[in-house]
Structure formats: structure tokens, C-alpha cells
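Each number in our numbering corresponds to the 1-based position in the sequence shown with 2 added.
Glycine included, every Cβ here is placed at the ideal spot set by N, Cα and C.
Values in this document were obtained by computation on a predicted structure and should not be read as measured data.
Presented below is the structure to which this report refers.
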Amino acid sequence: QDMVLGLYYLTKSRPGTKGEGKKFASMADVLIALEMGEVETLTPIKLRYTGKVIDLTKAFDSQNVLHTEPAEYVKQDMETTVGRVIL
3 QDMVLGLYYL TKSRPGTKGE GKKFASMADV LIALEMGEVE TLTPIKLRYT GKVIDLTKAF
63 DSQNVLHTEP AEYVKQDMET TVGRVIL
């Protein structure tokens, strides 16, 4: 139970945190900014991402797993948080 709450806290967004709205070219850049103190774990950011993503809000319902194909993103800006990049 504590793990679930901890993971939820790490992935939620808090507007007004240090570095809000910054754009990053890669996940490595986000981690460097976090280590340098330019952003916080709950900071909303924009991340340029190329790769596959599964939308989990559509992949699961209350009882059954629905199979969805991963969406392919090519150089698309995604709104996310630093905590989600870490996980």
C-alpha cells in the first residue's frame, strides 16, 4: 500500500514548482537537470520523445486487460513530469 502511494506521489504534477514548463530534448537531459537542482520531481515539463508509448488509460478497464497497439511517436513534444521520466 505504501509503495502504491509513493509511486502515485512521484508521478503527480504540481504547478508552480521550480523549472515548470521547461523543454528537454531527451530523458537524460531531464535527469541532469534534476541532479543540478533546476527542476523538482513534481515539475510539469515538456519532453521531446521518439519511440513507442502505450496509453494505459485505454489499455486497462476494471476487470479485463484490453490489448491496444503502442502508438509510435516521432519527435513529438509530450507533457509529463520529472517523476514519470524517472520511472
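Starting from residue i, trace the alpha helix (DSSP H) in both directions and tell me its first and last residue.
i          : result
residue 33 : 29-37
residue 9  : 4-13
Among the options, which one has its Cα closest to the Cα of residue i?
i          : options    : result
residue 50 : 27, 21, 19 : 27
Counting only the same chain and skipping the five closest in sequence on each side, list residues whose C-beta sits under 8 Å from that of residue i.
i          : result
residue 54 : 72, 73, 74, 75
residue 17 : 46
Under 6 Å Cβ to Cβ from residue i, same chain only, skipping five residues before and after it: list those, please.
i          : result
residue 82 : 49
residue 24 : 47
residue 42 : 19, 20
residue 40 : 21
Along the beta strand (DSSP E) that carries residue i, what are the first and last residues, could you check?
i          : result
residue 53 : 46-55
residue 76 : 73-83
Give the straight-line distance between the Cα atoms of residue i and residue j, rounded to the nearest whole angstrom.
i          : j          : result
residue 11 : residue 87 : 13 Å
residue 6  : residue 77 : 31 Å
residue 22 : residue 85 : 13 Å
Can the beta-carbon of residue i be found less than 8 Å from the beta-carbon of residue j?
i          : j          : result
residue 14 : residue 33 : no
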